[in-house]
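This report refers to the structure that appears directly beneath it.
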Amino acid sequence: MIKTTVCEIEHYAVHDGPGIRTVVFLKGCPLKCLWCSNPETQRRENELYYNNSTCALCKKCIHACEYNALSSNDQGIVIDRNKCIACGKCTDACPTNSLRLVGKNMEVEEVFKEVSKDVLFYRQSGGGVTVSGGEVLMNADFAIELFKLCKDECIHTAIETTGYGSFEKLKELSDYTDLILFDVKHANDEIHKELTGVGNALIQENLSKLSKQGKEIIIRIPLIPGLNDDEDNIKNTINIAKANGIKEIHILPYHTLGLDKYRKLKKDYKLTAIKKHEPGYLESLKKLVENSSIKCIIGG
Numbered sequence: 034m035i036k037t038t039v040c041e042i043e044h045y046a047v048h049d050g051p052g053i054r055t056v057v058f059l060k061g062c063p064l065k066c067l068w069c070s071n072p073e074t075q076r077r078e079n080e081l082y083y084n085n086s087t088c089a090l091c092k093k094c095i096h097a098c099e100y101n102a103l104s105s106n107d108q109g110i111v112i113d114r115n116k117c118i119a120c121g122k123c124t125d126a127c128p129t130n131s132l133r134l135v136g137k138n139m140e141v142e143e144v145f146k147e148v149s150k151d152v153l154f155y156r157q158s159g160g161g162v163t164v165s166g167g168e169v170l171m172n173a174d175f176a177i178e179l180f181k182l183c184k185d186e187c188i189h190t191a192i193e194t195t196g197y198g199s200f201e202k203l204k205e206l207s208d209y210t211d212l213i214l215f216d217v218k219h220a221n222d223e224i225h226k227e228l229t230g231v232g233n234a235l236i237q238e239n240l241s242k243l244s245k246q247g248k249e250i251i252i253r254i255p256l257i258p259g260l261n262d263d264e265d266n267i268k269n270t271i272n273i274a275k276a277n278g279i280k281e282i283h284i285l286p287y288h289t290l291g292l293d294k295y296r297k298l299k300k301d302y303k304l305t306a307i308k309k310h311e312p313g314y315l316e317s318l319k320k321l322v323e324n325s326s327i328k329c330i331i332g333g
């Protein structure tokens, strides 16, 4: 039985593919994007969320921890994440649910049973199942087996990927995937490394190889003010799309919906000074893409 760590299963999603979808978020990502809105998916292991705004500071969690990973100060509970093994005993002891485990070890069959609950919605809306991350290629074997079960039931499948990983696994996964949502975070290799921690040579190589497989691919640009939103980068991304025969680009506007997750994980968010784009600028980039005879959607 193949297992992996599932961060979350989101039902009734109307993004990340057509129709009403169930999105399976897996843990583990080789990139460290400065703007990451899902920091809880970066590590493969289970992690502990702590919400000090609801904590009663009763210290029951401290007494429940067998690894001396918890202590307290005047701001609340302090987690020593080097000692914490995410066993969950502190969460069981917490009367206010201020401590919560992020991540659950699940078998393929468990996840398929969960996503199958929405099969009627898939049929009526043209929806299906999307596997996201983290990075799906870090859990490729799991996703392949899940999609095999989906295909047996004629369920539409999609992945969200950075494209950073083994092409052999990407190719095998694509054999069971109807739609590939492929992130192009920056067209320039050096800048890509500054923004994400890795260069984009492997990513572009994988995109080129994948485009020859005849699969439906949509390029997605997570648009970050001042980092990758200039017209030159958009034009270069358009050129990447054209070179690979890709007919659609989605522009994903910057947002700060993940800020609370950083607080709960006690992580620093480095882009606090960034402001969101004005709608008019997003529309101008949309027209730039469309003028190249490529379909463009803001959001996705």
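Going by the working numbering, the first residue of the sequence shown is number 34, and it counts up by one from there. Yeah, the Cβ is synthetic: ideal placement off N, Cα and C, and Gly gets one too.
For Lys328 and Lys308, the gap between their C-alpha atoms comes out near 27 Å.
The Cβ-Cβ distance between Lys294 and Glu140 does not fall below 8 Å.
By the beta-carbon neighbour count (other beta carbons within 10 angstroms, threshold 16), Asn172 is buried.
By the criterion of at least three beta-carbon pairs nearer than 8 Å, the stretch 281–295 is not in contact with the stretch 230–240.
The count of Cβ pairs closer than 8 Å, one atom from the stretch 106–118 and one from the stretch 75–90, reaches three, so the stretches are in contact. Of the residues Lys297, Ile250, His96 and Val162, the one whose Cα lies closest to the Cα of Ala274 is Ile250.
By the Cβ-count criterion, Val162 is buried, with 16 or more other Cβ atoms from all chains shown falling within 10 Å of its own Cβ. By the 16-neighbour rule on beta-carbons within 10 angstroms, Lys297 is buried. Note: Arg133 is bridge-paired with Tyr82 in the DSSP secondary-structure output. If you check the CB distance, Lys65 and Arg76 do not come in under 8 Å.
If you look at Asp216, you'll find it in the beta strand (DSSP E) that goes Leu212 to Asp216. Along the stretch 235–296, the beta strand (DSSP E) occurs as fully enclosed runs of 3 or more residues at 249–256 and 281–286, listed in sequence order. The DSSP-derived three-state label of Val152 is helix.
Looking at the DSSP output, Val56 shares a beta bridge with Glu43 and Thr163.
In the three-state DSSP reduction, Val111 falls in the strand class (E or B). Shown here, Cys329 sits in a strand according to DSSP, grouped into three states.
The closest CA to that of Asp125, considering only Lys116, Leu81, Gly159 and Val164, is found on Leu81.
When beta bridges are read from the DSSP output, His189 appears opposite Gly161. Shortest Cα-Cα distance from Asp262 to any of Arg156, Thr210, Leu170 and Lys218 involves Lys218.
Per the DSSP secondary-structure output, Asn233 pairs with nothing in a beta bridge. The straight-line gap separating the alpha-carbon atoms of Thr210 and Lys280 is approximately 18 Å. In this structure, the alpha-carbon of His283 lies about 25 Å from that of Lys202.
Between the alpha carbons of Cys127 and Asn324 lies a distance of about 56 Å. Inter-residue distance for Thr55 and His44 is about 5 Å (C-alpha atoms, whole angstroms).
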